[in-house]
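Only one structure is covered here, and it is reproduced in the block below.
There are 2 protein chains.
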Amino acid sequence: MSSGNLPRVETADLLHSAAIRVLRMVRVEDAQAGIGPAQLSALSVLVFGGAKTVSELAVLEQVRPPTMSRIVDGLVRKKLVQRVENPEDRRMVRISATARGEKLMLAGKDRRVKALASRFEALTATDLKTLHAAAQLMLRL
Amino acid sequence: MSSGNLPRVETADLLHSAAIRVLRMVRVEDAQAGIGPAQLSALSVLVFGGAKTVSELAVLEQVRPPTMSRIVDGLVRKKLVQRVENPEDRRMVRISATARGEKLMLAGKDRRVKALASRFEALTATDLKTLHAAAQLMLRL
DNA sequence: GGCTAGTAGTTAGCATAGCTAACAAATAGT
DNA sequence: ACTATTTGTTAGCTATGCTAACTACTAGCC
Numbered sequence: 017m018s019s020g021n022l023p024r025v026e027t028a029d030l031l032h033s034a035a036i037r038v039l040r041m042v043r044v045e046d047a048q049a050g051i052g053p054a055q056l057s058a059l060s061v062l063v064f065g066g067a068k069t070v071s072e073l074a075v076l077e078q079v080r081p082p083t084m085s086r087i088v089d090g091l092v093r094k095k096l097v098q099r100v101e102n103p104e105d106r107r108m109v110r111i112s113a114t115a116r117g118e119k120l121m122l123a124g125k126d127r128r129v130k131a132l133a134s135r136f137e138a139l140t141a142t143d144l145k146t147l148h149a150a151a152q153l154m155l156r157l
Numbered sequence: 017m018s019s020g021n022l023p024r025v026e027t028a029d030l031l032h033s034a035a036i037r038v039l040r041m042v043r044v045e046d047a048q049a050g051i052g053p054a055q056l057s058a059l060s061v062l063v064f065g066g067a068k069t070v071s072e073l074a075v076l077e078q079v080r081p082p083t084m085s086r087i088v089d090g091l092v093r094k095k096l097v098q099r100v101e102n103p104e105d106r107r108m109v110r111i112s113a114t115a116r117g118e119k120l121m122l123a124g125k126d127r128r129v130k131a132l133a134s135r136f137e138a139l140t141a142t143d144l145k146t147l148h149a150a151a152q153l154m155l156r157l
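Heads up: the protein sequence lines correspond to chains A and B, in order. Quick note on this note's numbering: the first sequence kicks off at 17 and runs consecutively. Quick note on this note's numbering: the second sequence kicks off at 17 and runs consecutively.
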């Protein structure tokens, strides 16, 4: 290991703590959504990433298929998503968000983003640029 | 709302997505810890923030006291934390991590940080500086 | 056609994690 | 001493995670 690894690890440590802190801050807003975190997260994938099969959702959400199957059950019961059969391969079931699900998700994300933006009050324009640049780097990791 | 809010909201949106993405990446490592996310998170607070009462833990973890009481039960059963009575006020119970709990937590965090640092391979020194500066800003929000 | 793999999803049964309501125990304030 | 408040737990519900086992369908092969 070269000594050049040190700033990498130190930055990773700091960024890890920072990400936890930011998500803890915004998570407060989720209480208003009226659905649990697993359902909220799965719905988010569907709304922002489009319709997916149960298996695809399970991989993205890092849970096993039976768990995702049941999360989808809950979302269907609340009419936030719908199961759509695939005529070409009747084993597969595509899950897509309903208009109601999309509305709930967008409102939730808006609350989270606004809560975070309100914490930016004290920042300078330079600070904002730093955060903007860092966020783009993080999204490309 | 002044038009100066736009970059704030846009940056908040981007940073929100970026934080989710980063934590999703490192969460893969937690499978090896052998304990659930709620117990892992509570243990983390105790290891990095010192001993706390059940109520304090509940506030920090954004759950209700009965939930935290049971999370602590699980950690006690696994000998990762211990309940310590307070002779001055016998209603309160301070929870502190055991040596075993501390070891498990530090190993887990190390895996997460290393997993994140390994994604930094392709970054320039300037990129690293940006991430470092951004992380410090995030921790001070 | 018909047999055998393999694949997608669900069901069943268990542990953990979230909640509210209700309770026990201890302390604080008259 | 009596009442109110505070801290934590217990009880009972729902939701979320797992593995094992099952159904239904598709694909490959002869």
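Yeah, the Cβ is synthetic: ideal placement off N, Cα and C, and Gly gets one too.
Alpha-carbon spacing of residue i relative to residue j, whole angstroms
i	j	result
R93/A	A28/A	41 Å
S85/B	L139/B	43 Å
D105/A	S71/A	14 Å
D46/B	I36/A	14 Å
A133/B	V25/A	5 Å
G66/B	L153/B	24 Å
A141/A	P81/B	41 Å
R107/B	V61/A	44 Å
E160/B	A58/B	Summary: the structure shown does not reach residue 160/B, with chain B confined to residues 17 through 157, and so no result is reported for it.
A131/B	A150/B	19 Å
G117/A	T69/A	17 Å
L39/A	V42/B	14 Å
S112/A	I111/B	44 Å
Q48/B	L157/A	22 Å
D126/A	Q98/A	23 Å
L30/A	I87/A	33 Å
H32/B	T114/A	24 Å
The alpha helix (DSSP H) enclosing residue i, as first and last residue numbers
i	result
E118/B	A115 to S134
Q55/A	P53 to G65
E137/B	No alpha helix (DSSP H) holds E137/B; DSSP gives it neither H nor E.
M84/B	P81 to R93
Host beta strand (DSSP E) of residue i (start-end)
i	result
E101/A	V97 to E101
Per DSSP, the bridge partner or partners of residue i
i	result
V44/A	Paired residues: none, contrary to the question.
S71/B	Its beta-bridge partners do not exist; DSSP assigns none.
S112/B	Q98/B
Near the ligand FAD: residue i beta-carbon under 7 Å from a heavy atom
i	result
A58/A	You won't find the ligand FAD in this model; it holds no ligand whatsoever.
Identify each residue in the region 32 to 56 of chain B for which the Cβ-Cβ distance to at least one residue of chain A is less than 9 Å, and report them in chain order. H32, S33, A34, A35, I36, R37, V38, L39, R40, M41, V42, R43, V44 and A47
Chain A contacts made by the region 117 to 143 of chain B, where a contact means CB separation under 9 Å: Within the region 117 to 143 of chain B, the qualifying residues are K125, R128, V129, K130, A131, L132, A133, S134, R135, F136, E137, A138, L139, A141 and D143.
Residues within the region 79 to 105 of chain A neighbouring chain B, beta-carbon criterion of under 7 Å: none
For the region 60 to 71 of chain A, enumerate the residues whose C-beta is nearer than 7 Å to any C-beta of chain B, in chain order. none
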